[in-house]
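Asker: First residue of the sequence shown? That's 43 in our numbering, and the numbers climb one at a time after it.
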Amino acid sequence: MSQIQAGRELHLVPVRFRDASEFVRMWHRHHQPPQGHVFSVGVADAAAVLRAVAIVGRPVARYLDDGTTLEVTRLASDGTRNASSMLYAAAWRAASALGYSRLITYTQEGESGASLRGAGWRVIARRPARPGWHCPSRPRVDQGTGGIPRMLWEASRSA
């Protein structure tokens, strides 16, 4: 699959986890790379320059980790137009081809979700702000993402 944008042909490329993690470190606005993944995919231009990556893994929320659901845990882009939509669509096709029935991700309040809508995803829930992930039984260092409402998005066979 390719797309012409501003004189650049965009196409999907396989990306190793360590390379995807490094790209996330460089380009993601508010998160560090996740701990692991099931698969990663990227978008490159005609000059083979990596423009965006998606890291897909098991759902972070335990109650969503049902064996048939995956989560786009990180998507980072250098701002190349349409790269994020290409990745969301490709991640769903790959997850579906692997037998998964659902793929989810979250956006923070203030993020438009245009790339997700462009890829055919839909909002299924609004999550209120939470104070953070720290609790006495599982101490966590604040990453600066607590206190922000989120939206839960889904691509699924029933959508």
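Glycine included, each C-beta is placed from N, C-alpha and C at the ideal position.
Could you say which of HIS73, GLU196, ARG192 lies nearest to SER119 if we only look at CA atoms?
Answerer: HIS73
Asker: Cα separation between HIS79 and THR115?
Answerer: 8 Å
Asker: For GLU196 and SER179, I'd like the C-alpha separation in whole angstroms.
Answerer: 31 Å
Asker: Under the three-state reduction of DSSP, which class applies to TYR142: helix, strand or coil?
Answerer: coil
Asker: Does the pairing of the stretch 162-172 with the stretch 137-144 give three or more beta-carbon distances under 8 Å?
Answerer: no
Asker: For the candidate residues PHE81, PHE59, THR111, whose alpha-carbon lies nearest to that of ARG199?
Answerer: THR111
Asker: Spell out the partners DSSP gives PRO56 in its beta bridges.
Answerer: Paired residues: VAL83.
Asker: Output the distance between the C-alpha atoms of PRO75 and ALA156, rounded to the nearest integer angstrom.
Answerer: 22 Å
Asker: Can you tell me whether DSSP reads ARG104 as helix, strand or coil?
Answerer: helix
Asker: At what residues does the alpha helix (DSSP H) containing ARG159 begin and finish?
Answerer: 156-160
Asker: So the beta strand (DSSP E) ALA171 belongs to, where does it begin and stop?
Answerer: First-last for ALA171: undefined, no H or E at that position.
Asker: Can you give me the Cβ contacts of LEU92 inside the same chain, cut-off strictly under 8 Å, excluding the 5 residues immediately before and after it?
Answerer: VAL55, VAL57, ASP61, PHE65, GLY84, VAL85, ALA86
Asker: Identify every residue that forms a DSSP beta bridge with THR147.
Answerer: DSSP lists TRP195 as partners of THR147.
Asker: Can you tell me the Cβ-Cβ gap for TYR130 and ALA161, rounded? I've got them flagged as a contact below 8 Å.
Answerer: 4 Å
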